[in-house]
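Undergrad: Note that this note's numbering has the sequence shown beginning at 72, numbered continuously upward.
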Amino acid sequence: MSVDPGRDYAARMLELFADDVWTDTRSAAFFGVECGSRMTIARMSDGGLFVHSPVGLDPETRAAVDALGPVRAVVAPSLFHHLHVRAWMDAYPDAVYGACPGLEWKRPDLAFTCVLADEPHAAWRGELAQVYFSARRENEVVFFHERSRTLICADALLNLSTVASARTRLLARAMGNTQPGFGWPERLMVRERRVARRQVDRILEWDTDKLVLSHGALVPERGRDVFARAYTWL
72 MSVDPGRDYA ARMLELFADD VWTDTRSAAF FGVECGSRMT IARMSDGGLF
122 VHSPVGLDPE TRAAVDALGP VRAVVAPSLF HHLHVRAWMD AYPDAVYGAC
172 PGLEWKRPDL AFTCVLADEP HAAWRGELAQ VYFSARRENE VVFFHERSRT
222 LICADALLNL STVASARTRL LARAMGNTQP GFGWPERLMV RERRVARRQV
272 DRILEWDTDK LVLSHGALVP ERGRDVFARA YTWL
């Protein structure tokens, strides 16, 4: 069996998580606390790539991404996931760039194509569904890659108890963040409980199996149950 050398190279650089879904996990600190950060790339049926929460674009990363296919869309899904968008805009000027609501004001230096809401952009319509989780303070837009049944989120679920840093794990224990979405700070991030309940219920309508978190270990199965359990308190 022949091996595509480009895709073989990408496999060494990126982690295959589901059919046509790859992740790239990096070290990242928030207010001095190591929390990690993760980019997700979903390949659409026409071969184009949807990039969620982009990480730094060094030459090795760009080569691995290009080996998977052409970049068609890049989204900054949360008010806190935007630091590397400029490099991607410079590298892939023809892609669609989506910002969560409010980010267009926070980053006026970035020429976003669109502000994300509940309706998918034409660039990924029919491939990924989305819900604007406006009840959370990060203004996150949560995505679902329908073909692989993979839920992709940035800050809607945190699991710092699985981060390599012992200091971070100690902090996670103090916060009660012992599994995805648990802990008292998570309740503070929700500003409208009734609205949040409706939005969570919409997300739970998806037939989710796998679950991507930007901060914490990946969930390889029963992702819908994990998401539901995190928000039983609403």
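We treat Cβ as the ideally placed atom computed from N, Cα and C, and that holds for glycine. Since the model is a prediction, treat every value here as computed from it, not as a measurement.
Helix, strand or coil: how does DSSP classify Leu305 here?
TA: For this step, residue 305 is matched to residue 234 along the sequence shown. Of the three classes helix, strand and coil, the one that applies to Leu305 here is coil, per DSSP.
Undergrad: Gly197 and Leu228: beta carbons closer than 9 Å?
TA: Along the sequence shown, read from residue 1 onward, the residue named residue 197 stands at position 126. Along the sequence shown, read from residue 1 onward, the residue named residue 228 stands at position 157. Not in contact: Gly197 and Leu228 (Cβ atoms no closer than 9 Å).
Undergrad: Ala89 bridges to which residues according to DSSP?
TA: Taking the sequence shown and counting its residues from 1, one reaches residue 89 at position 18. According to DSSP, which records beta bridges pairwise, Ala89 is partnered with Val92.
Undergrad: Counting pairs of Cβ atoms below 8 Å between the segment 172-183 and the segment 113-125, do you hit three or more?
TA: no
Undergrad: Spatial neighbours of Glu86 within its chain, please: C-beta separation below 8 Å, excluding the five flanking residues on both sides.
TA: Your numbering for residue 86 matches position 15 in the sequence shown. So the qualifying residues of the chain are Trp93, Thr94, Asp95, Thr96.
Undergrad: Is Arg97 helix, strand or coil when you go by DSSP?
TA: For the purposes of this step, residue 97 is taken as the residue at position 26 of the sequence shown. Residue state, collapsed to three classes: strand.
Undergrad: Once DSSP output is grouped into helix, strand and coil, what is the label at Gly140?
TA: Working through the sequence shown from its first residue, we reach residue 140 at position 69. Coil, per DSSP.
Undergrad: What separation, rounded to the nearest whole angstrom, lies between the Cα atoms of Thr132 and Gly169?
TA: Position 61 of the sequence shown, counted from the start, is the residue given in the question as residue 132. Position 98 of the sequence shown, counted from the start, is the residue given in the question as residue 169. If you take the alpha carbons of Thr132 and Gly169, they lie about 21 Å apart.
Undergrad: Consult DSSP for Val122 and reduce its assignment to one of helix, strand or coil.
TA: On the sequence shown, residue 122 is found 51 positions in, with the first residue counted as 1. Val122: strand per DSSP, three-state reduction.
Undergrad: Quick one: Cα of Val142 to Cα of Gly119, how far?
TA: Sequence index remark: in the sequence shown, residue 142 carries index 71 (1-based). Sequence index remark: in the sequence shown, residue 119 carries index 48 (1-based). Straight-line Cα distance between these residues: approximately 6 Å.
Undergrad: Using a threshold of 9 Å, state whether the C-beta atoms of Ala113 and Val145 are closer than that.
TA: Counting from 1 along the sequence shown, the entry for residue 113 is found at position 42. Counting from 1 along the sequence shown, the entry for residue 145 is found at position 74. No; because the gap between Cβ atoms is not below 9 Å, this pair is not in contact.
Undergrad: So is Thr279 buried or exposed if we call it buried at 16+ other beta carbons inside 10 Å?
TA: Looking up residue 279 in the sequence shown gives position 208. By the 10 Å Cβ count, Thr279 comes out buried.
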